[in-house]
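Position 322 of the sequence shown, counting from 1, maps to 629 under the numbering used here, and the rest follow consecutively. Have a look at the structure below before the remarks.
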Amino acid sequence: MIVILQADVTEGSPEYRQILDYLANKPNIATRVHREVGTIRSVTEIYLIGDTMALDKAEIESIPGVERVVRISEDYRVVGRHHDDTRPTGFEYNGVRFDQDNLHVFAGLCAADTPEHAEKMLRALREHGQACTRMGAYKPRTSPYAFQGHGKRCLPWVFELAGKYGIKVIAMEITHDSHIDEIRAALEQTGRPTGVMLQIGTRNTQNFELLKCVGRQSEFPILLKRGFGITLEESLNAVEYVASEGNRKIVFGLRGMKTNMGDPHRNFVDFAHVPVVKRLTRMPVCIDPSHSVGSRERSPEGILDVFHVAAQGVIAGANMILVDFHPAPAKALVDGPQALTLEELPYFLEDVAIARAAYEQRRALARRFVSKN
Ligand code: PEP
Ligand code: MN
Numbered sequence: 308m309i310v311i312l313q314a315d316v317t318e319g320s321p322e323y324r325q326i327l328d329y330l331a332n333k334p335n336i337a338t339r340v341h342r343e344v345g346t347i348r349s350v351t352e353i354y355l356i357g358d359t360m361a362l363d364k365a366e367i368e369s370i371p372g373v374e375r376v377v378r379i380s381e382d383y384r385v386v387g388r389h390h391d392d393t394r395p396t397g398f399e400y401n402g403v404r405f406d407q408d409n410l411h412v413f414a415g416l417c418a419a420d421t422p423e424h425a426e427k428m429l430r431a432l433r434e435h436g437q438a439c440t441r442m443g444a445y446k447p448r449t450s451p452y453a454f455q456g457h458g459k460r461c462l463p464w465v466f467e468l469a470g471k472y473g474i475k476v477i478a479m480e481i482t483h484d485s486h487i488d489e490i491r492a493a494l495e496q497t498g499r500p501t502g503v504m505l506q507i508g509t510r511n512t513q514n515f516e517l518l519k520c521v522g523r524q525s526e527f528p529i530l531l532k533r534g535f536g537i538t539l540e541e542s543l544n545a546v547e548y549v550a551s552e553g554n555r556k557i558v559f560g561l562r563g564m565k566t567n568m569g570d571p572h573r574n575f576v577d578f579a580h581v582p583v584v585k586r587l588t589r590m591p592v593c594i595d596p597s598h599s600v601g602s603r604e605r606s607p608e609g610i611l612d613v614f615h616v617a618a619q620g621v622i623a624g625a626n627m628i629l630v631d632f633h634p635a636p637a638k639a640l641v642d643g644p645q646a647l648t649l650e651e652l653p654y655f656l657e658d659v660a661i662a663r664a665a666y667e668q669r670r671a672l673a674r675r676f677v678s679k680n
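Next comes the structure, spelled out in structure tokens:
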């Protein structure tokens, strides 16, 4: 059960004390207070754990200072969308709003390889009005002999270049908790020219200690990718590991599942789960068409499979697209075969806009239908 306090009731208020005293007198109930700081308003939420079935929702709602009480299901206590749960979705980071209603494209390099390639990529993004990118420094690779990313060495030039081209958020995978400190130090050293969304890759979805570490820091938002060989429920519980440590600025990423049912795609595309995740949780949902498809194959009408699946995710309501581009795919050190070219960037953005407009029309149609029936 979550007791949501009125916006003006904070830890120092007499109402706050009264509510906590009331709860302290209830047997087998533990409380955990969470303050959600937003740009428009901030709210205090009291999580009740234990024998909550015995509590009277209406009685708690009648206590001065309580705005609302939400009875939560056992699953996904923090990020879940519970019964009668109209709390807002999403968060703001470095001037960019992420929620279940909007859409951001994170086009960029799978791995930062050379400053020249990064600069070409970032310049193209600015030319096409983009404020976000993807750029990996720490790459988890199947083979220990493959390029592992430049690690912390590339962070200063990646951040400086991103700042030069007005990029506000870079999605960057981390594979170890020490990478958080390295990113923080490099941002400080370069004067914070940009922001970072910490990406937890599919191979680390159940690395619980790493999840707890990213959850304990509140500076960076997190993109947590679905595990490619586990159930959706297991991946959403992984999100709870992060959120229950305190950080709720989380985007959930769909990137395809490992099964030969999806062949010849690299992974079985799972974007039908975009609306499912939006229904089960209050997180914005990201799709990764590049790692799902894994190639530049195209269908007979000439549309690349990467474009097709991106459009499928967007028309289903996706809120973020992580997509691999490279100025010279043949020279890319990671995932060149699936990268789109810079010439394809405006074409991709236009195709995404078509799918987004169709999604918005579908949403308006659904509202009209529901209001009439
Ligand atoms: C990536 O986005 O570069 C990546 C490695 O993704 P995933 O964890 O989904 O394989
Ligand atoms: Mn990749």
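Think of the CB as a built atom: it goes at the ideal place given N, C-alpha and C, for glycine as much as any other residue.
May I ask you to check if the CB of residue i is nearer than 7 Å to at least one heavy atom of the ligand PEP?
i	result
Cys-417	yes
His-435	no
Pro-447	yes
Thr-421	no
His-598	yes
Asp-577	no
Leu-647	no
Gly-534	no
Glu-480	yes
Thr-509	yes
For residue i and residue j, I'd like the C-alpha separation in whole angstroms.
i	j	result
Thr-538	Ile-529	20 Å
Glu-489	Lys-459	6 Å
Thr-482	Tyr-445	7 Å
His-411	Ile-474	12 Å
Ile-336	Ile-370	17 Å
Ala-579	Thr-359	35 Å
Glu-547	Val-385	7 Å
Gly-508	Arg-573	16 Å
Leu-327	Ile-311	12 Å
Glu-368	Arg-375	6 Å
Thr-396	Gln-407	6 Å
Gly-609	Gly-522	43 Å
Ser-349	Arg-603	45 Å
Pro-653	Gln-437	11 Å
Arg-670	Ile-661	14 Å
His-435	Gly-470	16 Å
Arg-555	Gly-534	19 Å
Phe-575	Ser-597	12 Å
Thr-351	Gly-372	11 Å
Asp-363	Tyr-329	12 Å
Asp-631	Phe-405	20 Å
Lys-532	Pro-321	42 Å
Asp-392	Val-377	7 Å
So for residue i, helix, strand or coil by DSSP?
i	result
Ile-336	strand
Gln-506	strand
Asp-488	helix
Glu-541	helix
Tyr-354	strand
Arg-404	strand
His-411	strand
Val-344	coil
Asp-420	coil
Phe-466	helix
Val-386	coil
Lys-532	strand
Val-584	helix
Met-564	strand
Ile-622	helix
Glu-399	strand
Val-558	strand
Phe-614	helix
Phe-454	coil
Can we count residue i as close to the ligand MN, meaning its CB is less than 7 Å from some heavy atom?
i	result
His-572	no
His-483	no
Val-641	yes
His-457	no
Asp-612	no
Asp-363	no
Asp-392	no
Asp-631	yes
Since residue i is in the alpha helix (DSSP H), which residue starts that stretch and which ends it?
i	result
Val-677	652 to 679
Cys-520	515 to 523
Gly-609	Note, Gly-609: premise wrong, no alpha helix (DSSP H); not H, not E.
Val-316	Looking at the DSSP string, Val-316 is not in any alpha helix (DSSP H), and its letter there is neither H nor E.
Ile-326	321 to 331
Ile-367	364 to 368
Beta strand (DSSP E) containing residue i: first to last residue?
i	result
Arg-375	373 to 377
Lys-638	Note, Lys-638: premise wrong, no beta strand (DSSP E); not H, not E.
Leu-442	According to the sequence as given, residue 442 is Met; it is not Leu. Start and end: 439 to 443.
Glu-480	476 to 480
Ile-628	627 to 631
Ile-594	592 to 594
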